[in-house]
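Working notes for the structure below.
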Amino acid sequence: MGSVWLAEDRLLARLVAIKWIAHAEPGERARARFAREARAAARLQHENVVSVYRYGEAAGRPYLVAEYIRGESLEQLAKPVPWERALELGVSLARGLAAAHRHGIVHRDLKPSNAILSDEGAVKLVDFGLAYFEHEHESSVAPSPRTSGTPAYMAPEVRRGEIATRRSDVYQLGGILYELATGNAPIFATSGQETPTADIAIETGESRAGPGRDPLGVPALASRLPRE
């Protein structure tokens with residue numbers, strides 16, 4: 201959908217990330233999605249959500265200027281991580297997600313590559329490109345709140361073609377925690393159908409938690425996550 205460039209804000213003497221729509225002549229749907237991403241992120245002023253500084257258009261192509269986070273995504277992080285570290289990351293992600301939900305924003309695409317761990321140790325949610333505002337989900341300009349996202353982390357009801365909700369986001373957060381703790385992503389496979397409401401079969405796969413991954417730690421980890 202878009203390409204991201206590292207740039208320097210000479211006025212404020214800081215590095216920023218600039219995201220452009222990849223297509224030279226973006227269509228209405230692409231523009232609407234890009235604008236939603238900018239609005240969603242800009243509405244959230246939270247330490248665990250990437251900050252958006254500006255949204256505009258140049259040469260007929262929309263762009264947004266966002267906080268540059270020096271670090272790596274949770275996808276790049278060596279896994280599995282100790283339970284204590286998984287807990288810390290999970291709590292931070294849950295706080296950022298709770299902030300989005302308080303503003304009526306459903307992310308819909310939570311996955312390790314959409315969470316950046318900064319060199320300072322802060323984890324931030326990024327990429328609200330598939331997000332939608334709950335009060336707009338019946339609008340003609342809103343994205344389809346149904347099957348959309350990354351299959352490996354998609355909630356069962358969304359795979360069945362039902363509307364994505366806050367609970368769907370929480371399920372995706374659980375998928376991230378599972379991967380952090382075990383080193384393995386949830387495994388899903390499509391049924392071969394390509395319709396938006398296609399049923400998607402789940403292949404549970406065999407848990408391959410490494411030595412020392414005590415399952416008794418799961419309740420303790422879950423009990424520490426913030427609840428709305």
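Counting in the working numbering, the sequence shown runs from 201 upward without gaps. Yeah, the Cβ is synthetic: ideal placement off N, Cα and C, and Gly gets one too. In this text, all values refer to a predicted model and were calculated from it rather than measured experimentally.
Nearest to residue i by alpha carbon, out of the options?
i, options, result
"residue 301", "367, 284, 324", "367"
"residue 215", "222, 221, 207", "207"
"residue 239", "328, 370, 369", "328"
"residue 375", "365, 351, 318", "351"
"residue 217", "229, 304, 202, 230", "202"
"residue 276", "242, 291, 293, 317", "317"
"residue 319", "270, 293, 332", "270"
For residue i, does the three-state DSSP call read helix, strand or coil?
i, result
"residue 400", "Annotation note: pLDDT 40 at residue 400 (below 50); position unreliable, coordinate value reported separately. The answer is coil: DSSP assigns residue 400 none of H, G, I, E or B."
"residue 280", "coil"
"residue 369", "helix"
"residue 262", "strand"
"residue 216", "strand"
"residue 339", "With a pLDDT of 48 at residue 339, under the threshold of 50, the modelled position of this residue cannot be trusted; read the value that follows with caution. Three-state result, residue 339: coil."
"residue 251", "coil"
"residue 362", "coil"
So residue i packs on residue j, CB below 8 Å; how close in whole Å?
i, j, result
"residue 325", "residue 249", "5 Å"
"residue 312", "residue 383", "Actually they do not touch by this definition, with Cβ atoms about 11 Å apart."
"residue 299", "residue 377", "Actually they do not touch by this definition, with Cβ atoms about 18 Å apart."
"residue 306", "residue 369", "6 Å"
Going by beta-carbon coordinates alone, are residue i and residue j separated by less than 9 Å?
i, j, result
"residue 274", "residue 297", "no"
"residue 360", "residue 330", "no"
Looking at C-beta atoms only, is the number of pairs between the stretch 347-367 and the stretch 241-260 that lie closer than 8 Å three or more? no
Decide yes or no for the touch test of the stretch 226-235 against the stretch 282-292: beta carbon pairs closer than 8 Å, at least 3 of them. no
For the stretch 238-254 and the stretch 265-274, state whether three or more C-beta atom pairs, one from each stretch, are separated by less than 8 Å. yes
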